[in-house]
Structure formats: C-alpha cells, structure tokens
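Numbering (my numbering), first residue to last: 463 to 706. Don't be surprised by glycine CBs; every beta carbon is placed ideally from N, CA and C.
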C-alpha cells in the first residue's frame, strides 16, 4: 500500500513508523503549505492518504484528496460543524472518506461500554454525570473529539441530559466536560457517575500513540476500493463479521 501522510507531527511520525513495519510505502509527506506547493502534484501516486493535521487545515486536505481521487482517512478533530457538507460532497463526487475521533481499538470498545452504562444509569437520577479528558499541551482543540463523542452518546442513551458544556454547570440537563492539558499525556478519558453514597467510573488511558496509529493504518487498508463516507464503527463491524 502506498501512503501519503498529511500532517507530520507526532502522530504522523508514528504512522510512518508503523506503516513501514507493516511493509507499506510512504510516497509523500505533507506538513505545510510549502510542501503542498512543492510536492502536492504527487498526491495521486498514493493509494490512500492518512491525515492527522490541525482543525484549520483538515478541510483543505480532504478536498485535495477528493481532487486527486484517492481515499482519505482522517483523525483530525475540531471540524465536525462541516461534516454534513463534506458528506454531501464526498458522495456527490464518488469519493472516499473515513473519519474518526479516535482510531484506538480500545477506545472504540470504551465507546460501547459508555453507551451501555448510560443506558443502565438512565433511571438512577441520584447520580450526576461528568466527563474528564486529559491530553498533552500541544492538543489544540478542547474538549477532545473523543470526549464529545462520549458526551453525545450519553445524551442519546440516558435521556437525562440535553446538551454538553465545557464549563461547570448547576443545570441538571447539562453534561459537563472538563478538559485538562499537561505534559506527555497521549490521552485519558473518564466518565464518572457520582452520588452522595458512591461513584462509578469507566476510564480509558492511552499508554502511547501506537494504538491510534495502528488503528488508522488498518482502517486505511480496509477502506481502499470502497466509495462513500465511513466511520471507525464501519471498519470494526466489517472486521468482526469477517472473523465470525
């Protein structure tokens, strides 16, 4: 598989390392406007692009891939206000996009646990719900895309919350997401149900970036040859069905 890496921060570098270990070829690395001006015409040499950039560049990167007629896998967050327009353009133009807030297999299992726990706790109104997320100081968006997905699933499955908020709130219909930034933390997410007598927590802690990178590469391997817009759950469902 020939891969273009769009965004060459720590995640891009980890993707390069894992991809080479899996015998894939890196044919292009783009990390700036200057890189696009110099080498952007080589994007079509790739079988797939894997994109981990920034919220202010992700949309341009997606459309570059649409124009080059190659599938793109993106883990950049902070652009989801535009997802419906991207979905429309992807389908209308016969292109391929797989996006996820988190490519870690463990995190996606954590999403399943969160949905089930929200459903179980829906009737127990003595428990207040809080989400905490902690990442490295270089992460620009807050709350994280993973925390937002956790919050949206709680709202969908519990019926007790109407919306999530970034600040402390006394409104029982608002779900707090507390964000922390510190050195050298790949990502920790906690969902806590707190009452006066006890608390229930589920926590996912990433030990390094390897799980994110491996999941993104496996998703890229899967999406080649497909058309449309996909999420990580589509890849995981297909993978599960293939192994039954």
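DSSP, reduced to helix, strand and coil, places residue 470 outside both helices and strands of the structure shown, so it counts as coil. Note on geometry: alpha-carbon atoms of residue 587 and residue 476 lie some 43 Å from one another. With a cutoff of 7 Å on beta-carbon distance, residue 555 and residue 528 are scored as near each other. When rounded, the separation of the alpha-carbon atoms in residue 508 and residue 625 is 41 Å. DSSP, read as helix, strand or coil, puts residue 655 in strand. For residue 641, the enclosing beta strand (DSSP E) starts and ends at 636-644.
Taking 7 Å as the cut-off, the beta carbon of residue 682 is found closer than this to the beta carbon of residue 510. In this structure, DSSP gives residue 613 a helical state, which the three-state scheme calls helix. By the criterion of a C-beta distance shorter than 6 Å, residue 530 is surrounded in its chain by 505 and 506, once the five residues flanking it on both sides are discounted. Here residue 623 is buried. Its C-beta has 16 or more other C-beta atoms within 10 Å.
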